[in-house]
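Participant:
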Amino acid sequence: MPGAADAKALAAAMRQTLNLPATRFPMRANAAVREPQLHARCVSVAYSEQAEDASRPLFVLHDGPPFANGSLHMGHFLNKTLKDIINRYQLLRGRRVRYVPGWDCHGLPIEHKALTMLQLSADELSPAQVRALSRQLAREAVQEQQKDFERWGVLADWSGAKDSVYQTMSPSYEARQYDVLKKMVHDGLIFRGFKPVYWSPSSRTALAEAELEYQDDHVSHAAYVKFHFASMGSNTSEQMTSVLAKYGDTLSAVVWTTTPWTIPSNQALCVNADLEYVIVRPRNADSDACYLIASALQESFATMLKGDTEEEVELEMLETIKGSELEGAHFTHPLVNRKAVVLVGEHVTTDAGTGVVHTAPGHGQDDYFAWMAHHSKPGEHPDILCPVDADGCFTAEAGQGLEGLCVLDEGNMAVIDLLKNSGNLLSIGEYHHRYPYDWRTKKPVILRATAQWFARLDALHARGKRVLEDSVQMVPPSARRRLEATLSSRHEWCISRQRAWGLPIPVFYHKNTGEPLITEESIEYLQNIVKTYRVEGENGEVEREGADCWWDLPVKELLPESLKDQADQYEQGTDTLDVWFDSGSSWHAVLPGLLEPNEEGQLRADVYLEGSDQHRGWFQSSLLTSLAMQGTAPYKNVITHGFTLDERGSKMSKSLGNTIVPNDFINGCTMPVPVADKSSNNKKKSKKKKPEKAPKVKQMKVPAYGADVLRFWVATTDYTGDVSIGPGVVGKASDALRKVRNTARFLLGNLQDFDPAQDAVPHDKMHFSLDRYMLHELNSLAQSVTAAYDAFAFNRAQHALSHFISTDLSAFYMEATKDRLYCDAADSQTRRSAQTVLWLSLQSLTRALAPVVPHTAEDIRLHWVAQLQGDIPLEDVPGSVFLEQGWMPSAEEWKDDDLARDWTAIRQLRFEVNRVVEQMRQAGRVGSQLECNVYVVASESDPRVAELLSPLVNSSSELEDVLLCSSVNVVASETEIESAEQFKANCQLAMGPNDAPMDVKLVLTPAKGHKCPRCWKYSPEVDAAETHLCLRCAQATDLRSVTDLAKTLIDSRSGEEEGYQPFSCSCKFGCVACTLFHLASSDGYHETAAAMGCHDLQKRAVDGTLVEIQRPHNSDGWYNRKGLASFNIQAVCDHRKNFLSFDIRPGSWSDSKIWKYSKFVLMTPFPDDGKLNDECRLYNFIHSSTRMKIEGALGLLKERFRVFKKALPGKKTFSAQISEFLLRESDGVEGIEQFNESGPVVDDMMASRIGKQKRKEFAKMFVTLAGRS
C-alpha cells in the first residue's frame, strides 16, 4: 500500500526522467558572508599573480591620492570603483595591471584636525609637535581607509610590501618631489613676489584656486563711491585739460565696489582705453556736482541716483571723452590725503558698475597687474598697500581708527560709515553674488598681498594646449575645454603655504638683507638628507623622518659644503609647498617604479581618473609639473566623474542629514530617509530662493547588500555627470543583480552534465538555426560590450549586457530551449547544441560582469569549475576568473546578418502568437500555450513567409519550441484547418531597413490529441487509453507508457527501503498508474479510475489565493502583505476543477482569518516521522494529489480574475462580470454555496480535533477500497 514516501516518489517520477537543472550556485548572494570568503581569490591572489607575468603588455592607471583625513564617503566609492572596473577590464584583456593606491598626507585639513583635537592653536605648539600629531592622524586614516578599499574589492597589492602604496609624507616621495622643484628652479620658473593671493583668515594661510569653493548666495555691501578730481597728469591730453579746467571743481569719478573695506588700500582708478566716457549732471539737482562714468552705463547710474524715490532722475550729458584721454589724471582718495592716478586696463568692462574701477593692487589680481604694468617689472612691489594682517584684520597702516577690525565684518561697516561721513558715499545696498570660500573651513576668503613663492606659468600655456589637443583623450570630451580654460587663465601659481605640516620650501634667508637662497645645489643637498633622515623612539617606532630634518637640524647641517662657512648668516624659511604641488608631483614619484620611459624619455600613465573638481586641482597641477619637467602631459587619458547626490538630487551635507557612507549599504544599517512633506505641496512657490532645509526623515532598515551591489550601481550610472544614491536606488541595483544571478543559476543548472571539451557542438554542426542565431547575438554582444569598455562607457556595457540577458537570453532563448534541455535525450545532439550556447553565454556573462562585480563573477566561475570537475569542494578549485585567458567568446564565423534578419522576423511572429494566445485564454479556451496549434495561411501571407518558416517547420520542432505551442504548420488556405474553433490575426513582420515588411495571416486553434505527461505537449501520438508518452519522450526514456514508468518506479522503490512491504500488484499498478495519469492529463479522475479498474474515489480540496485587482476607491483593507491591492479567495473544487464553494475577502484578510468563518473542517496530512504505517502513507498520497488539483483550479481562477487588474466602467458592469463568471464556472455544478460572515464559527481547537478524527476515518476507508481492488 503506497505511503507518504511513495507519494513523493510518484510526484517526482516524471521529474526523474527529465534533465532538470541542478547546481549548488545559490539564488541569494549572502554577500556579507560570501564576499569576504572570495576576497583573497579575486583581489590579492589575482593581483599578485598577474603582476609577475612579464609577458603581458603593461597598463598603468595612476591613482589620484585622497586626503588621509577622516572616513570615506560615496564619492570615494564611486571613484575607486570606476578605477577598479578599468583595471579589471584591462586585466581580462590580457594586460599586466600596475596599480599603486596613494594618499595625500600633508596639508591644512589634517593639521587643522590635529589642532582641533588638542583644542590648541598652531602658535601654542612647535612645528615639530604639529608635524608629529599630523603624521599620526594621517597614518591612522590611511590604515582605516585601506581596510575599506580592500572590502570594496579594489584590485591592488594590500600586503604592505614596499612601494605597494604611496604616501606623500614618505621620505622617498618627498625626495622625488624635490626633483621637480629643482628642475623648475633651474629653468627660472620659481620666484618670490609680493602680490595678492587668496587668503583664508580662518586658516591663516594662502590658498590656491583649487582650494576654493564658491557660494552663489553670498551677500556683500555694494557701494558707489566718489573720487574728486585733483590734478592733471604730465601726459594729460589737450582735450582732457580743457574739460578738467571747465568742470574740475565739481567733477568726481564714481566707482562701484562690492568690497568697501578695500577703499583704504586704493591707489588708482582704472578705465578702458577704448570705451567712451561721459561727464553727466543730474537735471534739477541742488548742486553743480557732475560725475565721470562710462557712457553705456548712464541708465543704471540714473537708477542708482533715484534710489527708493518715485521721481525719475534725468542726466544731462556735458562732455564725451575717450577712455585713453583720461590716463594720467589724478583724483583725490575719498578718505585720506592721497591721490589716485587714472590707469588703463583691459579688465574694465561695462557689465556692471560705472566703467571706472577702484584699484587696490594689494587686494585684487586685475588691480595688481594693471598697477605693475605701469610701475614696475613682475616680481617687484613698489609701494603696494595692504593694511590687513593674517587674521583678516586692519593694521595700523589703515588709519582712521580701523586697526584691529575684521575686514569682512565690523571693519567693512566702519569704512562705509567713514565714507558716509566724508560725503563721498553715493549709495549702499546688499548685493547677492558668487564668492570664494575656504573649502575646508567653509568661511569666506579675501585677496591679500603677501610675500609668497610663485611658479611662472605663461611659458607653459602654449605647450600645454598643444599637448592636450594632440596626445590626451578626455572623457567626457567637454572636459577638454574646462582643463584648457583653467590652464590658460593662470599666469602664476602660488606654491607657498604658511603651515607646518607639509614639505618645506628649501629656502634660506639672509639675516640682514632678507635675500633668499635657493639653488639646485642646496635643494639636492637637502634631498639626500631627506632620503635617509630617521629618528626612532624607545619602542623602535619611527618618530621623526624625512623632511622633519628641516626643523630638527641646524642650518649648518642643511647647507651644502660650499656654503657651510656662511651658515651663521642664514636662517631657514618656514613656508611649506602647496599640497597640490605635492600630489601634482606624484607622477614623478610613482611612475618610475611602474613603467619604463618612452622613446623621448617621458613617463605617461595610461589613465588619470578623478572628480570634475580636479580640472583645477590634480589634473592641472600634474600637467603643470610634467610640462615643466618633461615637456608633456603625464597621462594619455583623463576621465572625469561627477559628484554623488542623494535620491532627491541634493548635495549631501551633515546639516541636511542626508550623508551616506558606503559601508551603510555594504554591511547593513538603520538609515534615515526623507519623507515627503505633504503640506509643502499646497504652499505657493516663492520666487526668492530660500536656504535648503533638512527634510523630515524616517528610519529605514537597510540590508547588508555587500560591495558588488554598490559596484553594480556605479557601473549602471552615467558617471560623467552627477549621480544619485539612496536606499531606493541601491534596492533597484540589488534587484537587477539578483536577476543576473538567477540567469547564471539557470545556465549553471542546465550545464550540470556538460563538458565543453567533449560535448561542445561546433558552429557548423549546429542543426538548429536558433542556436546559430544566438551565437550571432553573442558575437554582437561581445563587440558592443568591448567597445563600451574601451570607451570607458560602463553604463553602455551594462545596458547591452542587461538587454541581452533579459530580452535575448531569459525571455527568449531559455524559454525556447527548455523543452530540448529537459526532455530530449541527455546526450542528444540537439540538447548538446543548446548547452553549447548556454556555456558560451555563461562565459560571456561572467567575463562581462567580472570588472564590475568581481565577487559575483568569481562565485559563478567557482561553481562552474567545481561542477565541471565532479562537484569538488569550492575551496579546492584553483585559480581565478581574472587569471584565465580570454575575454568574451566571439568569432567572425558566428556573424550572420541574414540569419539575424530572419530571426528578428520570427521573434516578431512569436510576439503576435502570444497576443492571440492571450485572447484564447481570455475566452477560456486554453490554459497554457502548449494547448495551442499555430497555422500560417500561405495564400493570405507574403510569399517570403513560407520561404522563411517552411524549413523550420519541416525539419524539426524548432519553431514549436520558439512559439511555445504543440505544433506549427504552414497551410495553403484556411480550408486545410480542421478545427471549428479558430482565432485569427493579421500582422506584419519587419525584415530590415531596406526590405518591405511581410504580411502574415495567423490562425490558432486548440491543440489536437492528448497531452504527453512528460513534456506536456499535445500530440495524436499520445493515446490516453494506453497512457502513451509521445514518440520523442518514449525514445528519450526507453519507456512507452506511464504504465511502464509506474512499474519501474514501484519496483525500484521496493528495494530502496529496508523492511519495505510492496502492496499487491493490482493495487500497486492501478493506484500508481491511475494517479500519475490523472495528474498529467486532461481527463477526470472518474474516467481514469474506471479505465484502470480502480474505485471512484470522490475528492474535494480547499485552498486560498491572492488575486491582484485595480486599486479600489475605498482602499483601506484591500492591500495584502505584499503591498498589492487584491482579493483573498478561499475556494473548494472537485477533481474536474469545478468550484463547489468559495469565499471572497479583502486582501488584508489572512488565510487563517478567513478559515475562522468557514463551515469546513480542515484535514491535514499525517506528520511524516518516518514511522507511518501503510494506512497513513496512502492517505497522505491521496491528500497530496488532491491538493495539486485545487492549485491547478486556482491557477485558472486567477486567469479569469485578470480582468479586475484594470478599471471597469462602473458598479453595474462589475456585478455583471461577477455574475457571468459565476455562471460560467458553475455550469453543470450543483450545490453552490456562498460563505457568509454570519455562518457558524468552529473553534480552532475543535476544528483540529474534528479534522484529526475525519482524517482517521478517511484513511481506513482508503485502505478498504484499495484492498477490494
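Sequential numbering from 5 applies to the sequence shown in my numbering. Yeah, the Cβ is synthetic: ideal placement off N, Cα and C, and Gly gets one too.
On the three-state DSSP scale, how would you describe Arg102?
Facilitator: For the purposes of this step, residue 102 is taken as the residue at position 98 of the sequence shown. In this structure, Arg102 counts as strand in the three-state DSSP scheme.
Participant: Are the Cβ atoms of Ala609 and Leu65 separated by less than 8 Å?
Facilitator: The count along the sequence shown starts at 1 and reaches residue 609 at position 605. The count along the sequence shown starts at 1 and reaches residue 65 at position 61. Their beta carbons are under 8 Å apart, which means Ala609 touches Leu65 by this criterion.
Participant: For Gly732 and Glu1025, I'd like the C-alpha separation in whole angstroms.
Facilitator: Looking up residue 732 in the sequence shown gives position 728. Looking up residue 1025 in the sequence shown gives position 1021. Going from the Cα of Gly732 to the Cα of Glu1025 covers about 53 Å.
Participant: Mapping DSSP to helix, strand and coil, what is Phe1170?
Facilitator: Position 1166 of the sequence shown, counted from the start, is the residue given in the question as residue 1170. Note: Phe1170 maps to coil in three-state DSSP.
Participant: So, do the stretch 196 to 214 and the stretch 134 to 149 have three or more beta carbon pairs nearer to each other than 8 Å?
Facilitator: Too few Cβ pairs lie closer than 8 Å, so no.
Participant: Run through DSSP, which three-state label would Gln181 get?
Facilitator: Within the sequence shown, the letter at position 177 stands for residue 181. DSSP places Gln181 in helix when its eight states are reduced to three.
Participant: Cα separation between Met675 and Thr648?
Facilitator: Locating residue 675 in the sequence shown gives position 671, where the first residue counts as 1. Locating residue 648 in the sequence shown gives position 644, where the first residue counts as 1. Computed Cα separation, rounded: 17 Å.
Participant: Of all the options Tyr574, Phe373, Pro105, which has the alpha carbon lying nearest to the alpha carbon of Pro70?
Facilitator: Start at 1 with the first residue of the sequence shown, and residue 70 comes out as number 66. Comparing Cα positions, the closest option is Pro105.
Participant: Give the straight-line distance between the Cα atoms of Ala637 and His379, rounded to the nearest whole angstrom.
Facilitator: Within the sequence shown, numbered from 1, the residue matching residue 637 stands at position 633. Within the sequence shown, numbered from 1, the residue matching residue 379 stands at position 375. Cα to Cα, Ala637 sits roughly 36 Å from His379.
Participant: Under a Cβ-count criterion, where at least 16 other Cβ atoms within 10 Å of its own Cβ denotes burial, should Gln147 be classed as buried or exposed?
Facilitator: As a working mapping, residue 147 is identified with position 143 in the sequence shown. The residue is exposed, with fewer than 16 neighbouring Cβ atoms inside 10 Å.
Participant: Assign Glu896 to buried or exposed, taking buried as 16 or more other Cβ atoms, counted over all protein chains shown, within 10 Å of its Cβ.
Facilitator: Sequence index remark: in the sequence shown, residue 896 carries index 892 (1-based). Exposed is the call here.
Participant: Have a look at Asp395, Thr821, Pro365, Gln271 and flag the residue whose alpha-carbon is nearest the alpha-carbon of Met778.
Facilitator: Stepping through the sequence shown from its first residue, residue 778 is reached at position 774. If we check each option's Cα against that of Met778, Thr821 comes out closest.
Participant: Is it right to say Leu24 is buried, meaning 16 or more other beta carbons lie within 10 angstroms of its own, or is it exposed?
Facilitator: Translated into positions along the sequence shown, residue 24 becomes position 20. The residue is exposed, with fewer than 16 neighbouring Cβ atoms inside 10 Å.
Participant: At which residues does the beta strand (DSSP E) containing Lys1005 begin and terminate?
Facilitator: If you number the sequence shown from 1, residue 1005 lands on position 1001. Where Lys1005 is concerned, the enclosing beta strand (DSSP E) stretches over 1002 to 1010.
Participant: Please state whether the Cβ-Cβ distance between Pro391 and Pro268 is less than 8 Å.
Facilitator: Within the sequence shown, numbered from 1, the residue matching residue 391 stands at position 387. Within the sequence shown, numbered from 1, the residue matching residue 268 stands at position 264. Cβ distance < 8 Å, so Pro391 and Pro268 count as in contact.
Participant: Determine contact between the stretch 560 to 576 and the stretch 615 to 635, defined as no fewer than three beta-carbon pairs at a distance below 8 Å.
Facilitator: no
Participant: Identify which residue in Met892, Ala737, Leu967, Val284 has its Cα closest to the Cα of Ile325.
Facilitator: Position 321 of the sequence shown, counting from 1, holds the residue named residue 325. Nearest option by C-alpha distance: Val284.
Participant: Does the distance from the C-beta atom of Asp290 to that of Thr254 stay below 8 Å?
Facilitator: Indexing the sequence shown from 1 puts residue 290 at position 286. Indexing the sequence shown from 1 puts residue 254 at position 250. No, they are not a contact pair.
Participant: Whether or not the stretch 903 to 914 and the stretch 957 to 975 are in contact is what I'm after, with contact meaning three or more pairs of Cβ atoms, one per stretch, closer than 8 Å; do they touch?
Facilitator: yes
Participant: What residues in its chain sit with their C-beta under 7 Å from that of Ala179, if we drop five residues either side in the sequence?
Facilitator: The residue labelled residue 179 in the question sits at position 175 within the sequence shown. Same-chain partners within the cutoff: Gln531, Val534, Lys535.
Participant: According to DSSP, is Thr1109 part of a helix, a strand, or is it coil?
Facilitator: For this step, residue 1109 is matched to residue 1105 along the sequence shown. DSSP places Thr1109 in strand when its eight states are reduced to three.
Participant: How big is the Cα-Cα spacing for Pro6 and Pro1169?
Facilitator: As a working note, residue 6 is residue 2 in the sequence shown. As a working note, residue 1169 is residue 1165 in the sequence shown. Unreliable positioning characterises Pro6 in this predicted model, as indicated by a pLDDT of 41, which lies under 50. A coordinate reading is not provided.
Participant: Going by DSSP in three states, Lys469 sits in which element: helix, strand or coil?
Facilitator: Position 465 of the sequence shown, counting from 1, holds the residue named residue 469. Helix, per DSSP.
Participant: Going by beta carbon distance, what residues of the same chain come within less than 6 Å of Ala815, once the five residues before and after it are set aside?
Facilitator: Within the sequence shown, the letter at position 811 stands for residue 815. The answer is none, since no qualifying residue turns up.
Participant: Could you spell out the range, first to last residue, of the alpha helix (DSSP H) harbouring Ala374?
Facilitator: Here residue 374 refers to the residue found at position 370 of the sequence shown. Ala374 -> alpha helix (DSSP H) spans 369 to 379.
Participant: Between which two residues does the alpha helix (DSSP H) harbouring Phe585 extend?
Facilitator: Stepping through the sequence shown from its first residue, residue 585 is reached at position 581. Element bounds for Phe585: 583 to 588.
Participant: Just the C-alpha distance for Leu849 and Gln802, rounded to the nearest angstrom, thanks.
Facilitator: Taking the first residue of the sequence shown as 1, we reach residue 849 at position 845. Taking the first residue of the sequence shown as 1, we reach residue 802 at position 798. Straight across, the Cα-Cα distance linking Leu849 with Gln802 is about 10 Å.
Participant: Buried or exposed: Lys199, going by 16 or more other Cβ atoms within 10 Å of its Cβ?
Facilitator: As a working note, residue 199 is residue 195 in the sequence shown. Classification of Lys199: buried, given that the 10 Å Cβ count is 16 or more.
Participant: When the Cα atoms are used, what is the spatial distance from Leu296 to Val282?
Facilitator: Residue numbering aside, residue 296 sits at position 292 when the sequence shown is read from its first letter. Residue numbering aside, residue 282 sits at position 278 when the sequence shown is read from its first letter. Roughly 6 Å between the two C-alpha positions.
Participant: Helix, strand or coil, according to DSSP, for Ile1236 in the structure here?
Facilitator: Locating residue 1236 in the sequence shown gives position 1232, where the first residue counts as 1. With a pLDDT of only 28 at Ile1236, under the threshold of 50, the placement of this residue in the model should not be trusted; the figure read from the coordinates follows. Here Ile1236 sits in coil by DSSP.
Participant: For Gly408 and Cys397, what's the separation of their Cα atoms in angstroms?
Facilitator: As a position in the sequence shown, residue 408 is number 404, starting the count at 1. As a position in the sequence shown, residue 397 is number 393, starting the count at 1. Cα to Cα, Gly408 sits roughly 5 Å from Cys397.
Participant: The beta strand (DSSP E) that contains Cys936, what's its start and end?
Facilitator: The sequence position of residue 936 within the sequence shown is 932, counting from 1. Run containing Cys936: 936 to 941, per the beta strand (DSSP E) assignment.
Participant: If you draw a straight line from the alpha carbon of Leu842 to that of Arg925, how long is it in whole angstroms?
Facilitator: As a first step, residue 842 must be located in the sequence shown, where it is residue number 838. As a first step, residue 925 must be located in the sequence shown, where it is residue number 921. Near 32 Å, if we compare the C-alpha coordinates of Arg925 and Leu842.
Participant: Expressed to the nearest angstrom, what Euclidean distance is found between the alpha-carbon atoms of Ala50 and Val169?
Facilitator: By 1-based counting over the sequence shown, the position of residue 50 is 46. By 1-based counting over the sequence shown, the position of residue 169 is 165. In a straight line, the C-alpha of Ala50 is about 17 Å away from that of Val169.
Participant: Assuming Leu322 and Tyr251 form a contact by the criterion Cβ under 8 Å, report the distance between their Cβ atoms to the nearest whole angstrom.
Facilitator: In the sequence shown, counting from the first residue as 1, residue 322 sits at position 318. In the sequence shown, counting from the first residue as 1, residue 251 sits at position 247. Contact holds; Cβ gap of about 7 Å.
Participant: Rounding to the nearest angstrom, what Cα-Cα distance links Pro1017 and Met18 in this structure?
Facilitator: Along the sequence shown, one-based indexing puts residue 1017 at 1013. Along the sequence shown, one-based indexing puts residue 18 at 14. About 8 Å.
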